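Reading through the structure tokens given below for one structure.
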Amino acid sequence: MRENKTIFLAILQVVFFLVGMAQEYPIIPKPEQIIYGNDNLRLDKDIGILYEGENDTIQKTLEVFRQQLQKVSGLKVVSNEKKTVNIQVVVRSDEKQHEEGYELDIHPQGIAITAKGHAGVFYALQTLRQLLPPIRNNDRIVLRTARIIDAPAIDWRGMMLDVSRHFYPKESILHLLDLLALYKINVFHWHLCDNEGWRLEIKKYPKLTEIGAWRDEVYGSQFYKDDSTLNLNDTYRYGGFYTQQEIREVVQYAAERHITILPEIELPGHSGAVLAAYPELSCNGKAQAVPNKTAMGSLANQQRYNFEFCAGKEAPFEFLESVLDEVIELFPSTYIHIGGDEVDKTHWKNCTYCQRRMQKENLKDEEELQSYFVKRIENFLAKNNRHLIGWDEILEGGLPVSSTVMSWRGEKGGIKAAQMGHDVIMSPSDPLYLNRYQDDPAKEPLAVKFSINTLDNVYAYSPYANLGGETYHKFIKGVQFAIWTEFIPSLEHLEYMMLPRLPAFAEATWTKPEQKDVDGFVRRLNGGHYQRWQQTGIRFHHELFRQ
């Protein structure tokens, strides 16, 4: 009987071995090339990392990997010891290799990583992280031998998060950055202010957070599209902000994960929270509260508020330059986003200061006045070695010379900017606004319904399809998805709206178009990613389970 049992176990081991050998690695985004071997690497002890260089950034990258493995899988990364499976890290200058590219070689004796620099090492480790179990058990870990050669198709792969409508504390942002890093997203666009709240401590202007960071919100408004059913007098105090120390911690945390944080300071519109704190910066100087969602819900309510800085007074420019001085000190990003979208010019048309400015500067209309406003801010940023990015409305009235356009109203603005020779970040609301429904609205939590941005639509997106020729491809610097949070009050809800569309976006931007395969993507998604999310308590959309 014992012999039969031994034979059975031996056969079972062979079966498991063959299954393992046939297994496709569920790596997302899909690597450029995987060459599978005919053997396995068995992990039943801790992992050691061998890196003989003195590059401090790479040492920090290795430390982040140690923390990630310890946190989610229980595997320890230790100094080199006998009988320990080792990861050999080699960094070498290779002009032909992409800065974020890497080679990952899994062989029976260990793992070798070769990269041009620290970003490539980091992404190789994220790929390896996807191959290891999210939660460690007592079973031996078996990896199929393989050589993975990889590099991104698009350099700027970003996410925008609005924290004005709903505020996410520092710990939630750190969690989000870890999730972005796993899928090789390298830009986090932080929409830090809007009409409904200012979220950044500015030392020179304390009322921005004392007043501008808080609003009286109507109970339940995030769950109802039609506010007429609500008791508008039933309100609660809502808000929050990040201290400058918290900002520094987040920026450092992101940098260690090779994520650049792009701050956005909205101007000249979407500034209702600022003007609640400093009403003298508006055209009429009238006092107002920070608008809530209900106030923003109807035109009649909106007309009671100032949302635009006065373009005729000098005080708004002095204010914004002082604010941007502190923003520049906090964020090392080469770029600063200034919004520039949806500017209601009604107050400007009726403002003596603005009309006087137009006459003095020989501006023919309020569109050119907006361009004047944006150009002054661009000049200030340029003097401080920063570049301006704005939504595609900054094209109106004349585009500043060195500005980058982020195209959200479809691709039209981005295409126009590219054909003018300007750099472009594509972020079309259809299909890349992930605050919109991802499935039948009748089955989903309340969301914005302008379009249903399905997993397939996100996966299929390419920024080059409608440019009008390869001549303009060089002006497409990147792609971003965006999440506006009017109806997304919690981190769990945010995760639900992102997953699985986040990995779909990651593969749409990292993987070369000719290598994309949505069926293969779904197969890999089902091959371990939903288990990772489940086991680590991350919420996600049920679309994942489709066959």
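So in full-length UniProt numbering, spot 310 of the sequence shown is number 310, and the numbers just go up one at a time.
The beta-carbon is built from N, C-alpha and C at its ideal position, and this holds for glycine as well.
A quick note: this is a predicted structure, and the numbers were derived from the prediction, not measured.
* Could you tell me which of 385, 118, 514 sits nearest to residue 325, measuring between CA atoms? => Here the closest residue by C-alpha is 385.
* To do: Put residue 454 into one of helix, strand or coil per three-state DSSP.
  => Residue state, collapsed to three classes: coil.
* Would the beta-carbon of residue 431 fall within 8 Å of that of residue 28? -> Not closer than 8 Å, so no.
* Roughly how many whole angstroms lie between the Cα atoms of residue 336 and residue 388? -> Roughly 5 Å between the two C-alpha positions.
* To do: Given a cut-off of 8 Å, decide if residue 214 and residue 551 are closer than it, judged by their beta-carbon atoms.
  => Here the chain comprises residues numbered 1 to 547, so residue 551 is not present and cannot be evaluated.
* Asked: residue 343 to residue 165, Cα distance in whole Å?
  -> The alpha-carbon atoms of residue 343 and residue 165 are separated by roughly 18 Å.
* Compute the distance between the beta-carbons of residue 190 and residue 479, then report whether it is under 8 Å. => Here residue 190 is not near residue 479, since their CB atoms are 8 Å or more apart.
* Would you decide whether residue 529 is buried or exposed? Buried here means 16 or more other CB atoms lie within 10 Å of its CB. => Flag for residue 529 reads buried.
* Asked: With residue 113 and residue 142 assumed to form a contact (beta carbons below 8 Å), what rounded beta-carbon distance in angstroms separates them?
  -> Residue 113 to residue 142, Cβ: 20 Å. No contact.
* Asked: On the premise that residue 125 lies in contact with residue 65, defined as a C-beta separation below 8 Å, what is that separation, rounded to the nearest angstrom?
  -> Rounded, the Cβ-Cβ distance is 4 Å, consistent with contact.
* Where residue 477 and residue 230 are concerned, what is the direct C-alpha to C-alpha distance, given to the nearest angstrom? -> Approximately 44 Å, taken between the alpha carbons.
* Helix, strand or coil at residue 538 [DSSP, three-state] -> In the displayed model, residue 538 falls within coil according to three-state DSSP, outside both helix and strand.
* Taking the C-alpha atoms as reference points, what is the distance between residue 373 and residue 317? -> In a straight line, the C-alpha of residue 373 is about 9 Å away from that of residue 317.
* Asked: Helix or strand or just coil, what does DSSP make of residue 354?
  -> Note: residue 354 maps to helix in three-state DSSP.
* Asked: Is residue 299 helix, strand or coil when you go by DSSP?
  -> Low confidence applies here, because residue 299 scores a pLDDT of 49, under 50, leaving its location unreliable; read the following figure in that light. In the structure shown, the three-state DSSP call for residue 299 is helix.
* To do: Note down, one range per segment and in chain order, each beta strand (DSSP E) of at least 3 residues found wholly within the segment 41-118.
  => Counting whole runs of 3 or more residues, the segment 41-118 contains the beta strand (DSSP E) stretches 47-50, 85-91, 102-107, 110-115.
* Flag residue 107 as yes when its Cβ comes closer than 7 Å to any non-hydrogen atom of the ligand NAD, and as no otherwise. => As presented, the structure is devoid of all ligands, the ligand NAD included, so that no description of it is given.
* Should residue 128 and residue 104 be called a contact, given that it needs their Cβ atoms to be closer than 8 Å? -> Yes, the pair counts as a contact, with Cβ atoms nearer than the cut-off.
* **Counted within 10 angstroms of its Cβ, other Cβ atoms place residue 421 as buried (16 or more) or exposed** => Exposed is the call here.
* To do: Tell me the start and end of each unbroken beta strand (DSSP E) in the segment 199-226 that is at least 3 residues and wholly inside, in chain order.
  => Whole beta strand (DSSP E) segments, 3+ residues: 214-218.
* Can you tell which of 536, 456, 494 has the C-alpha that lies nearest to the C-alpha of residue 445? -> Nearest Cα to residue 445 within the set 536, 456, 494: 494.
* **Status (buried if at least 16 other CB within 10 Å, exposed otherwise) for residue 534** => Exposed is the call here.
* The beta strand (DSSP E) enclosing residue 437, as first and last residue numbers -> For residue 437, no beta strand (DSSP E) run applies, since DSSP gives it neither H nor E.
* Evaluate residue 423 with the Cβ neighbour count: other Cβ atoms within 10 Å of its Cβ, from every protein chain shown; 16 or more gives buried, anything less gives exposed. => Classification of residue 423: buried, given that the 10 Å Cβ count is 16 or more.
* When the Cβ atoms of the segment 444-458 are set against those of the segment 191-207, are three or more pairs found closer than 8 Å? -> Put simply, the segment 444-458 does not touch the segment 191-207. Fewer than three CB pairs are less than 8 Å apart.
* Can you name, in chain order, every residue of its own chain whose Cβ lies under 7 Å from the Cβ of residue 461, other than the five neighbours on each side? -> Excluding the 5 residues flanking it on each side, residue 461 has same chain C-beta neighbours closer than 7 Å at 431, 432, 508, in chain order.
* To do: Sort 524, 262, 542, 283 by Cα distance to residue 30 and report the nearest one.
  => Across the set 524, 262, 542, 283, the C-alpha of 524 shows the shortest separation from the C-alpha of residue 30.
* Secondary structure at residue 288, three-state DSSP: helix, strand or coil? -> In the structure shown, residue 288 sits in coil (DSSP, three-state: anything other than H, G, I, E or B).
* Using 8 Å as the threshold, is the segment 482-502 in touch with the segment 447-456, meaning 3 or more CB pairs across them? -> Yes, the segment 482-502 is in contact with the segment 447-456.
* To do: Using 10 angstroms around the beta-carbon of residue 50, count the other beta-carbons present and answer buried if the total reaches 16, otherwise exposed.
  => Residue 50 is classed as exposed because its beta carbon has fewer than 16 other beta carbons within 10 Å across all chains shown.
* Other residues of its chain near residue 148: CB distance less than 6 Å, five sequence neighbours each side excluded -> Leaving aside the five residues that flank residue 148 on each side, the residues in its chain whose CB is nearer than 6 Å to its CB run, in chain order, 31, 34, 104.
* Asked: With which residues is residue 481 paired in a DSSP beta bridge?
  -> DSSP output for residue 481 lists 159 as bridge partner(s).
* **Enclosing beta strand (DSSP E) for residue 189 [first to last residue]** => Segment 187-191, the beta strand (DSSP E) holding residue 189.
* Taking buried to mean at least 16 other C-beta atoms within 10 Å of its own C-beta, is residue 184 buried or exposed? -> Of the residues assessed, residue 184 falls on the buried side of the cut-off, its CB having 16 or more other CB atoms within 10 angstroms.
* Determine the burial state of residue 540: buried for a count of at least 16 other Cβ atoms within 10 Å of its Cβ, exposed for fewer. => Here residue 540 is buried. Its C-beta has 16 or more other C-beta atoms within 10 Å.
* Asked: How many angstroms separate the CA atom of residue 505 from the CA atom of residue 481?
  -> Put simply, the backbone Cα of residue 505 is about 8 Å away from that of residue 481.
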